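Those protein sequences? They're chains A and B, same order as listed.
Counting in this note's numbering, the first sequence runs from 4 upward without gaps.
Counting in this note's numbering, the second sequence runs from 4 upward without gaps.
Protein chains: 2
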Amino acid sequence: MPTTQPRIEDLFAARAREAVPPLYGAAGQRTTPMISLAYGLADPALFPRDQLSAAAATLLGDHPAAAEALNYGMTFPGLTQQVCERLRRQAVEAEPEQILIGYGSSQILALLPQVFLDPGDTVIIEGPSFMGAVKRFQMAGAHLVTVPVDAEGMNTDALADTLRDLAATGKRPKFIYTIPTFHNPTGATMPLARRKRLIELAAEYGVLVVEDDAYGDLRFQGDEIPPLAALDSDGWVLRVSTFSKILAPGLRIGWAYGRREIIDRLAMFKSEGTTGPFITRVVALYSAEGRLDNHIDALCDLYRSKCQVMVDAIKRELPDVQFTAPDGGFFVWATLPQGMRATELLERAQERGMSFLPGVNCYPDERGNECIRLAFSFQSAEKIEEAIGILGNAMRSI
Amino acid sequence: MPTTQPRIEDLFAARAREAVPPLYGAAGQRTTPMISLAYGLADPALFPRDQLSAAAATLLGDHPAAAEALNYGMTFPGLTQQVCERLRRQAVEAEPEQILIGYGSSQILALLPQVFLDPGDTVIIEGPSFMGAVKRFQMAGAHLVTVPVDAEGMNTDALADTLRDLAATGKRPKFIYTIPTFHNPTGATMPLARRKRLIELAAEYGVLVVEDDAYGDLRFQGDEIPPLAALDSDGWVLRVSTFSKILAPGLRIGWAYGRREIIDRLAMFKSEGTTGPFITRVVALYSAEGRLDNHIDALCDLYRSKCQVMVDAIKRELPDVQFTAPDGGFFVWATLPQGMRATELLERAQERGMSFLPGVNCYPDERGNECIRLAFSFQSAEKIEEAIGILGNAMRSI
Numbered sequence: 004m005p006t007t008q009p010r011i012e013d014l015f016a017a018r019a020r021e022a023v024p025p026l027y028g029a030a031g032q033r034t035t036p037m038i039s040l041a042y043g044l045a046d047p048a049l050f051p052r053d054q055l056s057a058a059a060a061t062l063l064g065d066h067p068a069a070a071e072a073l074n075y076g077m078t079f080p081g082l083t084q085q086v087c088e089r090l091r092r093q094a095v096e097a098e099p100e101q102i103l104i105g106y107g108s109s110q111i112l113a114l115l116p117q118v119f120l121d122p123g124d125t126v127i128i129e130g131p132s133f134m135g136a137v138k139r140f141q142m143a144g145a146h147l148v149t150v151p152v153d154a155e156g157m158n159t160d161a162l163a164d165t166l167r168d169l170a171a172t173g174k175r176p177k178f179i180y181t182i183p184t185f186h187n188p189t190g191a192t193m194p195l196a197r198r199k200r201l202i203e204l205a206a207e208y209g210v211l212v213v214e215d216d217a218y219g220d221l222r223f224q225g226d227e228i229p230p231l232a233a234l235d236s237d238g239w240v241l242r243v244s245t246f247s248k249i250l251a252p253g254l255r256i257g258w259a260y261g262r263r264e265i266i267d268r269l270a271m272f273k274s275e276g277t278t279g280p281f282i283t284r285v286v287a288l289y290s291a292e293g294r295l296d297n298h299i300d301a302l303c304d305l306y307r308s309k310c311q312v313m314v315d316a317i318k319r320e321l322p323d324v325q326f327t328a329p330d331g332g333f334f335v336w337a338t339l340p341q342g343m344r345a346t347e348l349l350e351r352a353q354e355r356g357m358s359f360l361p362g363v364n365c366y367p368d369e370r371g372n373e374c375i376r377l378a379f380s381f382q383s384a385e386k387i388e389e390a391i392g393i394l395g396n397a398m399r400s401i
Numbered sequence: 004m005p006t007t008q009p010r011i012e013d014l015f016a017a018r019a020r021e022a023v024p025p026l027y028g029a030a031g032q033r034t035t036p037m038i039s040l041a042y043g044l045a046d047p048a049l050f051p052r053d054q055l056s057a058a059a060a061t062l063l064g065d066h067p068a069a070a071e072a073l074n075y076g077m078t079f080p081g082l083t084q085q086v087c088e089r090l091r092r093q094a095v096e097a098e099p100e101q102i103l104i105g106y107g108s109s110q111i112l113a114l115l116p117q118v119f120l121d122p123g124d125t126v127i128i129e130g131p132s133f134m135g136a137v138k139r140f141q142m143a144g145a146h147l148v149t150v151p152v153d154a155e156g157m158n159t160d161a162l163a164d165t166l167r168d169l170a171a172t173g174k175r176p177k178f179i180y181t182i183p184t185f186h187n188p189t190g191a192t193m194p195l196a197r198r199k200r201l202i203e204l205a206a207e208y209g210v211l212v213v214e215d216d217a218y219g220d221l222r223f224q225g226d227e228i229p230p231l232a233a234l235d236s237d238g239w240v241l242r243v244s245t246f247s248k249i250l251a252p253g254l255r256i257g258w259a260y261g262r263r264e265i266i267d268r269l270a271m272f273k274s275e276g277t278t279g280p281f282i283t284r285v286v287a288l289y290s291a292e293g294r295l296d297n298h299i300d301a302l303c304d305l306y307r308s309k310c311q312v313m314v315d316a317i318k319r320e321l322p323d324v325q326f327t328a329p330d331g332g333f334f335v336w337a338t339l340p341q342g343m344r345a346t347e348l349l350e351r352a353q354e355r356g357m358s359f360l361p362g363v364n365c366y367p368d369e370r371g372n373e374c375i376r377l378a379f380s381f382q383s384a385e386k387i388e389e390a391i392g393i394l395g396n397a398m399r400s401i
């Protein structure tokens, strides 16, 4: 029998001793009176509520699969098949065994450290990048190395230098996390030549490329560029995407495509087993018969128009910032006038009733305070104009 | 640059090098012509399809929360509140911060090793037990110590001996995994005195008690016994339960209640973040206004009657087996006649068109082959009678 009073805290595993605050605090922002351009929420105006409701009613009504949808069972194979077909239309020769459906692509990203990272392992990320993913890699103890992003996405010459330098010290990074199309936060899209170079480097140095393509279906202008997964014949690319931007984030359905050995291991660490038989059937029923494709066309029209509203408003109200209009996605990334700090600007903007994401949130360190991310996805055109007007006032107050 | 050809397999973390087959193979059984009494599937006859459909239609129609349900956001706090209220009715003084909603209780159980287990740590389980949980603990590298179950659940005298012996060798187990009410697989319910003794031992030795109460709401007869969480004032109990048995498994909603420090850490390792805003609102909308309570009453009537059908059929067809009729839950646990092996009986039964779970599947080792688990939850009364008749033929063939 122990002689001192036992404490519950002593039961925690080493990895759990330090409590980390949850990453998912963004939702609370929506209820404030602030016009927030900070987060990449979807536009509720085009949630296909009636058609989703019809899909649920069909499934729960006299559909022969209703009993299976509501009982214990697997992720609906028909949804996996739909993802396969979408991939094949992008020249990715996917088989169902190479696909894992998860609760949002953020779940897939959060599983990567479990499958790939031992203590001290190196991961290459873009600077700036999607902080939800990067924070997960950091939490898992990864050593993060940043490769710069320019107007054409990740700079592959810089990547080559980084890989060579790491190899010289005996380090083989586990994966390169990249958002090659409509990059978050910069909006940049990597051209074909860089994509090919990236795959070559991955194969040469034996590093996995994690292609996060949450936004790729939302192209407003310009020609399609093949996804990294279509350019890779040896399994060096794990492609991750989601129904969040093209249907509704709240349904929580994302997926990964890659080598069977990787998909099997991601599934092994997916703590809840398969992804809900009910929700996967609702999404598949909705998406069938071209409904999802038609919906994506409508979304592209909506986001193109809202992006244009933001671009025009920035040109009018913020003549001193530098930015490039994106060809798709949710964000405009802007560089502030020389010497202005994003965190200071945010305080001024919030006092006046709008908010944005300071660039420093998109780096694992102190960099990025000269940049800001502005999401045009969630607010209406009118609110976007109002918010950029407020931002102009805030800038002039500094 | 590396001189040998790099291999993707070399990128896997140590914990992921050996691929483990998925645990969730049960669903495939349903499509065979076999009458399966093997798995604890819910009875589709009472899935509240119309009311669930109405809840989805209300939410997706003109409900003010539709936009929030479909966008990024948190687990719906109203569902957490409902779980709180159910706990308070069982004399558990729960606060919302003490509750984590997950994708099924199996997700919560699978997260336990992340929060509590360092390599070589000891976990105490019941023998027999729910193998879905135990396999997860095993996969995580836990050292499992088994305490026997009798007609009154876990034998707390044996537990006291086990804890004393472990303490004598300097070992403090991290948690005791128990199913005190309508035990899976034995159906046994732990009386109040043993429950109190279990909590005392947990506090004395500083070990967490994980109370898995998936079946507790499905009582056919006998008086309610307070859950372990109601008997514990110091936070030594983590209570885990689910909407799977009282509503529909395919919705994948379960929950944990416990000390804030534990709940926060479970949330930290829940890879997908919060649990879907849409599905948690559908479940909460359905469950409100007493609908779930009324539904549970109807379920108790249904399962009581099917249990009785099975008990009568066993008495009639299998006079040589020993069993105790449960007061609730999904299962009858039966001991075969002296010398008969469950795995051999299963072969004979399957040849004739029925299946069950051999007891050996409920132990982490070779024990249990003299017992079988028969689920009365899924099949109709007629099919249960037919299956037990087939089982009688199979037994007589040995």
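Glycine is no exception: its CB is placed at the ideal position from the N, C-alpha and C atoms.
Bear in mind that the values here come from a model prediction, so they are computed numbers and not experimental data.
**Item:** Check whether Val-118 of chain A and Arg-268 of chain A have beta carbons under 7 Å apart
**Value:** The sequence position of residue 118 of chain A within the first sequence is 115, counting from 1. The sequence position of residue 268 of chain A within the first sequence is 265, counting from 1. It is a contact, given that the beta carbons lie within the stated cut-off.
**Request:** Per DSSP, which residues does Arg-242 of chain A bridge with? Please list them.
**Result:** By one-based count along the first sequence, residue 242 of chain A stands at place 239. Answer is A:Glu-214, A:Tyr-260.
**Message:** If contacts are defined as beta-carbon pairs under 8 Å, then Pro-194 of chain A and Ile-228 of chain A qualify, I think. What distance do you get, rounded to the angstrom?
**Reply:** Here residue 194 of chain A refers to the residue found at position 191 when the first sequence is read from its first residue. Here residue 228 of chain A refers to the residue found at position 225 when the first sequence is read from its first residue. Separation of the CB atoms of Pro-194 of chain A and Ile-228 of chain A is rounded to 7 Å, and the pair is thereby assigned contact status at 8 Å.
**Item:** Straight-line Cα distance separating Ile-128 of chain A from Phe-223 of chain B
**Value:** Taking the first residue of the second sequence as position 1, residue 223 of chain B is located at position 220. Taking the first residue of the first sequence as position 1, residue 128 of chain A is located at position 125. Going by the C-alpha atoms only, they are around 57 Å apart.
**Request:** Excluding the 5 residues preceding and the 5 following Thr-34 of chain A in the sequence, name in chain order all residues of the same chain whose CB lies nearer than 6 Å to its CB.
**Result:** Counting from one through the first sequence, the residue named residue 34 of chain A turns up at place 31. Note that Thr-34 of chain A scores 47 on pLDDT, short of 50, meaning its location in the model is unreliable; the coordinates nonetheless yield the value given after this. Answer for Thr-34 of chain A: no residue qualifies.
**Message:** Spatial neighbours of Gln-8 of chain A within its chain, please: C-beta separation below 6 Å, excluding the five flanking residues on both sides.
**Reply:** As a first step, residue 8 of chain A is located in the first sequence; it is residue number 5 there, counting from the start. The beta carbon of Gln-8 of chain A sits closer than 6 Å to no other beta carbon from its chain once the five residues preceding and following it are set aside.
**Message:** For a cutoff of 7 Å on Cβ pairs, would you count Arg-52 of chain A as touching chain B?
**Reply:** Residue 52 of chain A sits at position 49 when you count from the first residue of the first sequence. For Arg-52 of chain A, the answer is yes, since a Cβ of chain B falls inside 7 Å of its Cβ.
**Request:** Taking all protein chains shown into account, decide if Ala-45 of chain B is buried (16 or more other Cβ within 10 angstroms of its Cβ) or exposed.
**Result:** Mapped onto the second sequence, residue 45 of chain B falls at position 42. Per the 10 Å Cβ criterion, buried.
**Request:** Please classify Phe-281 of chain B: does DSSP put it in a helix, a strand, or coil?
**Result:** On the second sequence, position 278 is the one that residue 281 of chain B refers to. Correct three-state label for Phe-281 of chain B: helix.
**C-alpha gap between Asn-396 of chain B and Tyr-75 of chain A, whole angstroms** = The count along the second sequence starts at 1 and reaches residue 396 of chain B at position 393. The count along the first sequence starts at 1 and reaches residue 75 of chain A at position 72. Asn-396 of chain B and Tyr-75 of chain A have their C-alpha atoms some 30 Å from each other.
**Request:** Indicate whether Leu-231 of chain B and Glu-203 of chain B have their beta-carbon atoms separated by less than 7 Å.
**Result:** In the second sequence, counting from the first residue as 1, residue 231 of chain B sits at position 228. In the second sequence, counting from the first residue as 1, residue 203 of chain B sits at position 200. No, these two residues do not count as a Cβ contact at 7 Å.
**Request:** Report yes or no: do three or more beta-carbon pairs, one from the segment 284-304 of chain A and one from the segment 42-58 of chain A, lie closer than 8 Å?
**Result:** The answer is yes - the segment 42-58 of chain A touches the segment 284-304 of chain A, with three or more Cβ pairs under 8 Å.
**Message:** Three or more C-beta pairs under 8 Å: does that hold for the segment 236-244 of chain B against the segment 107-125 of chain B?
**Reply:** Yes, the segment 236-244 of chain B is in contact with the segment 107-125 of chain B.
**Request:** Scan the segment 307-368 of chain A and note each continuous beta strand (DSSP E) run of 3 residues or more that stays entirely inside, going in chain order.
**Result:** Runs of the beta strand (DSSP E) inside the segment 307-368 of chain A: 334-338.
**Item:** Nearest candidate by alpha-carbon position, reference Gln-54 of chain B, set A:Asp-53, A:Ala-196, A:Gly-64
**Value:** Start at 1 with the first residue of the second sequence, and residue 54 of chain B comes out as number 51. The residue among A:Asp-53, A:Ala-196, A:Gly-64 with its C-alpha nearest the C-alpha of Gln-54 of chain B is A:Gly-64.
**Prompt:** Which residues mark the beginning and the end of the beta strand (DSSP E) in which Thr-149 of chain B is found?
**Reply:** Walking along the second sequence from the start, residue 149 of chain B turns up at place 146. Where Thr-149 of chain B is concerned, the enclosing beta strand (DSSP E) stretches over 146-153.
**Message:** Whole angstroms are fine: how far does the CA of Ala-217 of chain A sit from the CA of Ile-256 of chain A?
**Reply:** On the first sequence, residue 256 of chain A is found 253 positions in, with the first residue counted as 1. On the first sequence, residue 217 of chain A is found 214 positions in, with the first residue counted as 1. Spanning the two alpha carbons is a distance of roughly 12 Å.
**Request:** Report, in whole angstroms, the separation of the C-beta atoms of Arg-175 of chain A and Tyr-208 of chain A, which I expect to be a contact under 8 Å.
**Result:** The residue you call residue 175 of chain A lines up with position 172 of the first sequence. The residue you call residue 208 of chain A lines up with position 205 of the first sequence. Yes, Arg-175 of chain A and Tyr-208 of chain A are in contact; Cβ-Cβ is about 7 Å, under 8 Å.
**Message:** Does Tyr-180 of chain A come out as helix, strand or coil in the three-state DSSP assignment?
**Reply:** For the purposes of this step, residue 180 of chain A is identified with residue 177 of the first sequence, where counting begins at 1. Three-state DSSP puts Tyr-180 of chain A in a strand.
**Asked** Which residue comes first and which comes last in the alpha helix (DSSP H) that contains Glu-96 of chain B?
**Response** Residue numbering aside, residue 96 of chain B sits at position 93 when the second sequence is read from its first letter. For Glu-96 of chain B, no alpha helix (DSSP H) segment is defined, and its DSSP state is neither H nor E.
**Request:** Could you pull out every residue in the same chain whose Cβ sits closer than 7 Å to the Cβ of Trp-336 of chain B, ignoring the five residues on either side in sequence?
**Result:** Sequence index remark: in the second sequence, residue 336 of chain B carries index 333 (1-based). Here the set comprises Pro-188, Thr-189, Gly-190, Phe-326, Cys-374, Arg-376.
**Under the three-state DSSP convention, the category Ser-402 of chain A falls into** = Since the first and last residues shown for chain A are 4 and 401, residue 402 of chain A lies out of range.
**Prompt:** Is DSSP giving Pro-5 of chain A helix, strand or coil here?
**Reply:** Sequence index remark: in the first sequence, residue 5 of chain A carries index 2 (1-based). In this prediction, Pro-5 of chain A has a pLDDT of 48, which is less than 50 and means its spatial position is unreliable; what the coordinates show is noted afterwards. The answer is coil: DSSP assigns Pro-5 of chain A none of H, G, I, E or B.
**Asked** Once you ignore the five residues that flank Thr-78 of chain B on each side, which residues in its own chain have a CB closer than 6 Å to its CB?
**Response** As a first step, residue 78 of chain B must be located in the second sequence, where it is residue number 75. Around Thr-78 of chain B: Ile-104, Thr-277, Thr-278, Thr-283.
**Request:** Jot down the residue ranges of each uninterrupted alpha helix (DSSP H) in the segment 118-145 of chain B, minimum 4 residues, whole runs only, in chain order.
**Result:** For the segment 118-145 of chain B, the continuous alpha helix (DSSP H) assignments of 4+ residues that do not extend past its boundaries occur at 134-142, in sequence order.
**Asked** Would you say Gln-325 of chain A faces chain B, with C-beta separation under 7 Å as the test?
**Response** In the first sequence, residue 325 of chain A corresponds to position 322, counting from 1. So no, Gln-325 of chain A is outside the interface.
**Asked** What residues are listed by DSSP as bridge partners for Ala-378 of chain B?
**Response** Taking the first residue of the second sequence as position 1, residue 378 of chain B is located at position 375. Answer is B:Phe-334, bridged to Ala-378 of chain B.
**Status (buried if at least 16 other CB within 10 Å, exposed otherwise) for Asp-168 of chain B** = One-based indexing of the second sequence puts residue 168 of chain B at position 165. With fewer than 16 other Cβ atoms within 10 Å, it is exposed.
**Message:** Taking the straight line between their C-alpha atoms, what separation do you get for Ala-316 of chain B and Thr-83 of chain B?
**Reply:** Locating residue 316 of chain B in the second sequence gives position 313, where the first residue counts as 1. Locating residue 83 of chain B in the second sequence gives position 80, where the first residue counts as 1. Those two C-alpha atoms are separated by around 41 Å.
**Item:** Inter-residue CB distance, Ala-58 of chain B and Tyr-306 of chain B (contact presumed, cutoff 8 Å)
**Value:** Counting from 1 along the second sequence, the entry for residue 58 of chain B is found at position 55. Counting from 1 along the second sequence, the entry for residue 306 of chain B is found at position 303. The beta-carbon separation of Ala-58 of chain B and Tyr-306 of chain B, rounded to 23 Å, does not stay under the 8 Å limit for a contact.
**Item:** Span of the beta strand (DSSP E), counted from its first residue to its last, around Ile-102 of chain B
**Value:** Along the second sequence, one-based indexing puts residue 102 of chain B at 99. According to the DSSP assignment, Ile-102 of chain B belongs to the beta strand (DSSP E) that extends over 102-105.
**Request:** Flag Tyr-75 of chain B as yes if its beta-carbon sits less than 7 Å from any beta-carbon of chain A, otherwise no.
**Result:** In the second sequence, the residue the question calls residue 75 of chain B occupies position 72. At least one C-beta of chain A is nearer than 7 Å to the C-beta of Tyr-75 of chain B.
**Item:** C-beta atoms of Ile-391 of chain A and Phe-379 of chain A nearer than 7 Å
**Value:** The sequence position of residue 391 of chain A within the first sequence is 388, counting from 1. The sequence position of residue 379 of chain A within the first sequence is 376, counting from 1. No, these two residues do not count as a Cβ contact at 7 Å.
**Prompt:** Whose C-beta lies closer than 8 Å to the C-beta of Pro-151 of chain B among residues of the same chain, with five residues either side of it excluded?
**Reply:** Here residue 151 of chain B is taken as the residue at index 148 of the second sequence, counted from 1. Excluding residues within five positions, the ones whose Cβ falls inside 8 Å are Glu-129, Gly-130, Met-157, Asn-158, Ala-161.
**Asked** What's the C-alpha gap between Glu-385 of chain A and Phe-140 of chain A?
**Response** As a working note, residue 385 of chain A is residue 382 in the first sequence. As a working note, residue 140 of chain A is residue 137 in the first sequence. Rounded to the nearest angstrom, the gap between the Cα atoms of Glu-385 of chain A and Phe-140 of chain A is 37 Å.
**Asked** Of all the options B:Ile-179, B:Leu-321, B:Arg-399, which has the alpha carbon lying nearest to the alpha carbon of Ala-206 of chain B?
**Response** As a first step, residue 206 of chain B must be located in the second sequence, where it is residue number 203. Here the closest residue by C-alpha is B:Ile-179.
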